[in-house]
Each structure stands twice: as structure tokens, then as C-alpha cells.
Amino acid sequence: MFGAVWPVLETGLAVGGYRLLRQPAGPRRTSAVGLWLLNTAMVGGWTEIFFRKRALRSGAVVAGTMVATGGAYVAAAAKVDRPAALLGVPFVGWLGFATLLATRISARNPDSDAADAR
Numbered sequence: 011m012f013g014a015v016w017p018v019l020e021t022g023l024a025v026g027g028y029r030l031l032r033q034p035a036g037p038r039r040t041s042a043v044g045l046w047l048l049n050t051a052m053v054g055g056w057t058e059i060f061f062r063k064r065a066l067r068s069g070a071v072v073a074g075t076m077v078a079t080g081g082a083y084v085a086a087a088a089k090v091d092r093p094a095a096l097l098g099v100p101f102v103g104w105l106g107f108a109t110l111l112a113t114r115i116s117a118r119n120p121d122s123d124a125a126d127a128r
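Numbering (the numbering used here), first residue to last: 11 to 128.
Structural data, given as C-alpha cells:
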């Protein structure tokens, strides 16, 4: 399921980012683009932490943080370009699901906490 969903979510984020970059420069656009860049980077960071390093508890924390930063992105983008913001809503929804899933996986694998310390 992850393999099918992430390309759609990332495409939505890419199109939203493109739309934001085409708007007139200003503080609101700068804020929205900054949050867009942060979330784009965090996706790669979460993948590294959760899947490659198998630091499950840290991965769950990062996923939860991404819900907050994703929500902030959608709110900031809505002030600049409503379609860009709407394209980010599925991303935030999926992050909520991913956070719940990551939290459960972490809880079922308490030995993975040792991996977080590495």
C-alpha cells in the first residue's frame, strides 16, 4: 500500500509547491514554501530513520512531528494558493495514519528502542 500511496502524495506536494512558487513573492509565500521544503525533507528523513535505521520509536516521533508541520504547511499554503493547500490535505491525513501505524509497530517491538540509541 505504501508503494502505491506515496507517489500520489508526493505528486500532490510537488504540484502544490510548484503552484506556490508561481505566486508573487511575499512573507506568506515564503512561509508556505519554507514549510513545504521542510516537509519534503522530513519525508526523506523519516524513511531513513524508520526503515533503514529501524529506529522505530524515533520514527514514530518524527511521523507525529510531520503531522504538525504538514498541518502548518496546509494552513500557510491556504493563505497563498487554496489549490496548493488542498493538494497537501491527503499528505497530512496519510501522516496521521502513518503515525498511528509507526506507534503501534514501535510498541510491538520494544527491543527496537535499543536501535534508537545507536
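All C-beta atoms in this analysis are idealised placements derived from N, C-alpha and C, irrespective of residue type, glycine included.
Item                                                                                                                      : Value
DSSP state of Ala125 mapped onto helix, strand, coil                                                                      : Bear in mind that a pLDDT of 49 at Ala125, under 50, signals an unreliable position, so the model cannot answer this.
Per-residue DSSP class, three states only, for Arg92                                                                      : helix
Ala5, buried or exposed, once every other Cβ within 10 Å from all chains shown has been counted against 16                : The structure shown has nothing for residue 5, since the chain only spans 11 to 128.
Element boundaries [alpha helix (DSSP H), containing Asn49]                                                               : 37-57
Cut-off 7 Å between Cβ atoms - residues of its own chain near Val84, not counting five sequence neighbours on either side : Ala95, Gly98, Val99, Val102
Sequence-distant residues of its chain with Cβ nearer than 8 Å to Ala125 (five each side left out)                        : Bear in mind that the predicted position of Ala125 carries a pLDDT of just 49, short of 50, making it unreliable; the figure below should be weighed with that in mind. Counting only Cβ-Cβ distances below 8 Å, and skipping sequence neighbours, we find Lys63, Arg64, Ala65, Leu66.
Cβ-Cβ distance between Leu48 and Thr79 below 7 Å                                                                          : yes
CB of Val90 within 7 Å of CB of Ala42, strictly                                                                           : yes
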